[in-house]
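Per the working numbering, residue 60 is the first one in the sequence shown, and the count goes up by one each step.
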Amino acid sequence: MNLLIAILLSVCLGPPLNGAVIAPFAPVGQFGGHWGIDLEATPGTVVKAPAHGRVTFAGTVAGMRTVTIDVGTGTLVSVSYLEVVSVSSGMPVRLGEELGRSGRAHGRPALHLSVRLAGRYVDPMPYLGCRPMGELYLLPPPEASTYAGQSAQRLARRDI
C-alpha cells in the first residue's frame, strides 16, 4: 500500500462547527479557485479542533486569522476566517477543543476548512464526520472446555 493511500484511510475529521457548506472545494489550475470549503457560521461561533494534533501555525495569512493543526501521517488541517484565535503554535489540541471564534470572509460570515495530505490540498468533505463502516464487537475469549465442545458441533450459518 503506498503512503498516500495509507494517509487517505487514516484521516477522519469532526466538524469544526455546525454549519452548512456555502462554498465547495473548487480549485482552478495550479493556484486559482477555492482550496477548501466554507461553512456557514455566525460571527463569534466557537470553532472546534476537527482532530487531535499539534498546532503548527496560529496567525494571519492574507489578512485572515488561521490555525493549522498537524494531525500526523503528513496531514495538515487548517481553519480560517477567525475573529479570535485561542491557541498558539506548538500547543497540542484534542478533537473538539476550542481553537477560536468564527469571523467574516469576503464580506460574509463563514469558516474556511482546508486539508492537505502529503502536501496536496484535497476536498475535506469525504473526511468530515466519517465513521467506521458497520459495527465491531469484541467478545471475551471462550473458555477452553466450552470452545472445544462447540467447535466439534458447529452448525452452518450459526457458528462463524
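All C-beta atoms, glycine included, are put in the ideal place defined by N, C-alpha and C. This one's a predicted model, so the numbers in the text were calculated from it and none came from an experiment.
Enclosing beta strand (DSSP E) for residue i [first to last residue]
{"i": "Leu154", "result": "Counting along the chain, Leu154 falls outside any beta strand (DSSP E), and DSSP gives it neither H nor E."}
{"i": "Tyr140", "result": "134-144"}
{"i": "Leu98", "result": "96-99"}
{"i": "Ala177", "result": "Where Ala177 is concerned, there is no enclosing beta strand (DSSP E), given that its DSSP letter is neither H nor E."}
{"i": "Gly166", "result": "Where Gly166 is concerned, there is no enclosing beta strand (DSSP E), given that its DSSP letter is neither H nor E."}
{"i": "Asp129", "result": "123-131"}
Cβ shell of residue i (< 7 Å), same chain only, five flanking positions each side left out
{"i": "Arg213", "result": "Any answer about Arg213 is weak, because its pLDDT of 49 lies below 50 and its placement is not dependable; what the coordinates show is given next. The answer is none, since no qualifying residue turns up."}
{"i": "Ser173", "result": "Trp94, Gly95, Ser137, Tyr180, Pro183"}
{"i": "Ala100", "result": "Leu76, Gly78, Ser161, Pro168, Ala169, Leu170"}
{"i": "Cys223", "result": "Any answer about residue 223 is impossible in this case: the structure gives the chain only from 60 up to 219."}
6 Å CB neighbourhood of residue i in its chain, flanking five on each side removed
{"i": "Asp97", "result": "Ile81, Ala82, Ala169, His171"}
{"i": "Val105", "result": "Glu157"}
{"i": "Pro86", "result": "Gly92, Trp94"}
{"i": "Leu72", "result": "Pro109, Ala110, Tyr186, Leu187"}
{"i": "Met150", "result": "Val114"}
{"i": "Phe84", "result": "Ile96, Asp182"}
{"i": "Phe90", "result": "none"}
CB contact flag (residue i, residue j, <8 Å)
{"i": "Glu157", "j": "Pro102", "result": "no"}
{"i": "Phe116", "j": "Ser161", "result": "no"}
{"i": "Gly159", "j": "Ala108", "result": "no"}
{"i": "Leu187", "j": "Thr134", "result": "no"}
{"i": "Val152", "j": "His111", "result": "yes"}
Residue of the options minimising C-alpha distance to residue i
{"i": "Val130", "options": "Arg113, Val120, Arg124", "result": "Arg113"}
{"i": "Met123", "options": "Tyr140, Val70, Gly178, Phe90", "result": "Tyr140"}
{"i": "Val220", "options": "Pro74, Ala164, Val126, Val87", "result": "With the chain running from 60 to 219 in the structure shown, residue 220 is simply not present."}
{"i": "Ala222", "options": "Ile128, Val120, Phe90, Cys189", "result": "Outside the displayed range of the chain (60 to 219) lies residue 222, so it cannot be described from this structure."}
Chain-order list of residues whose beta-carbon lies under 8 Å from that of residue i (same chain, five-residue window excluded)
{"i": "Gly178", "result": "Gly133"}
{"i": "Gly88", "result": "none"}
{"i": "Gly118", "result": "Arg124, Thr125, Val144, Ser148"}
Pick out the complete alpha helix (DSSP H) segments inside the region 70-115, 4 residues or longer, and give them in chain order.
none
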